[in-house]
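Everything below concerns the one structure shown next.
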Amino acid sequence: MLSVISAVSSLGALELGQWVHDFINKSQLKLTVSLGTALIDMYSRCGSVDKSIEILDEMSLKNVQTWTALSTGLAVHGCSREALRVFYEMKKAGLQPDHMSITGILVACSHGGLVEDGS
638 MLSVISAVSS LGALELGQWV HDFINKSQLK LTVSLGTALI DMYSRCGSVD
688 KSIEILDEMS LKNVQTWTAL STGLAVHGCS REALRVFYEM KKAGLQPDHM
738 SITGILVACS HGGLVEDGS
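Count along the sequence shown starting at 1, add 637, and that's the number in my numbering.
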């Protein structure tokens with residue numbers, strides 16, 4: 638399933654991604670960290686950041702990659718303040734940012750004119 642979601646993400650095919658997500662729900666597949674993170678990444682790449690946020694909220698377990706997928710997706714779509722908020726939520730949850738999450742949030746701050754927040 639992860640390979641299918643990855644392919645959909647690469648294509649930016651939102652309708653196909655929604656179909657895959659519906660299939661996951663109808664099949665009652667458990668929303669694991671890997672599956673949830675892949676869905677967040679897919680929805681973000683397809684421009685549906687609101688749906689990415691919904692997926693994060695549905696997940697009981699999240700890791701650094703999960704939070705980074707969302708914050709990076711938000712940053713790419715011009716939601717710099719929201720990306721920064723997600724980054725702080727990750728830290729509040731007790732997770733330590735890795736080099737990918739730090740790079741992503743610095744890009745968000747830079748593109749959003751939040752240079753002071755990035756320092």
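Idealized CB from N, CA, C, for every residue including glycine.
{"Query": "Burial state of leucine 648 (16 or more Cβ within 10 Å)", "Result": "exposed"}
{"Query": "7 Å CB neighbourhood of leucine 668 in its chain, flanking five on each side removed", "Result": "Glu695, Met696"}
{"Query": "Proximity below 8 Å, CB of leucine 707 to CB of serine 685", "Result": "no"}
{"Query": "Top-ranked residue by Cα proximity to methionine 679, from Leu651, Leu693, Lys663, Leu711", "Result": "Leu651"}
{"Query": "Close-in-space but distant-in-sequence residues of the same chain around valine 723 (CB under 7 Å, 5 per side omitted)", "Result": "Trp704, Leu707, Ser708, Leu711"}
{"Query": "Glutamate 691: CB within 7 Å of a non-hydrogen atom of the ligand MN", "Result": "Absent from the structure shown: the ligand MN. Ligands present: none."}
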